[in-house]
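In the working numbering, the protein residues as written are -18 to 150. We put the beta carbon where it would ideally sit given N, CA and C, even for glycine.
Structure (structure tokens):
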């Protein structure tokens, strides 16, 4: 049944549009053209962000910064193993997933650090990445309060992740 829901929904929308006299294929092509233009617009921002994340990981800068902020994170109950994850997750989802996997492999999936890393991965967003992608595609130069507010939200999610795991397990 679940395999048929999406195709059935799409077919229903298409049939309804045809009954209303809408040129379904023409509207589809127009949407595809706009999608291609959007992809072309955000490509430079996407390439720049991916390059920056790769350089930060390869240079060891994320691990070094994680060690620097560890005393502050320890006050929030965030384990040492998760310090680099706190720094990379707002920038890159795939980089955060790779670090989370490393934490779980090193500390164990049932360890405190492994559980905190798992909850952190689900409780936070790639805020800096998302803001830069949207701002870059729209040509915005000043994100004003968006980045600080998003980073405060991420830090809150990380601290609550550690608290949640401590309370639950």
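- With a beta-carbon spacing of about 17 Å, residue 75 and residue 104 fall beyond the 8 Å limit used to define contacts.
- Restricting attention to 140, 80 and -3, the CA atom closest to the CA of residue 44 is found in 80.
- Taken in chain order, no unbroken stretch of beta strand (DSSP E) lies wholly in the stretch 35 to 75 with a span of 3 residues or more.
- Residue 62 counts as buried, since at least 16 other C-beta atoms from the protein chains shown sit within 10 angstroms of its C-beta.
- Taking 3 residues as the shortest admissible run, the stretch -11 to 25 contains no complete beta strand (DSSP E) segment at all.
- The three-state secondary structure of residue 107, taken from DSSP, is coil.
- Counting only residues of its own chain and dropping the five nearest sequence neighbours on each side, residue 70 has a CB closer than 6 Å to the CB of 77 and 105.
- Annotation: residue -17 to residue 51 spans about 45 Å, alpha carbon to alpha carbon.
- Annotation: residue 120 is outside any alpha helix (DSSP H) and is labelled neither H nor E by DSSP.
- Non-local beta-carbon contacts of residue 96 in its own chain, meaning distances under 7 Å to residues more than five positions away in sequence, involve 146 and 150 in chain order.
- Contact between the stretch 85 to 95 and the stretch 128 to 140 is absent, with fewer than three C-beta pairs closer than 8 Å.
- Here the alpha carbons of residue 112 and residue 126 stand approximately 11 Å from one another.
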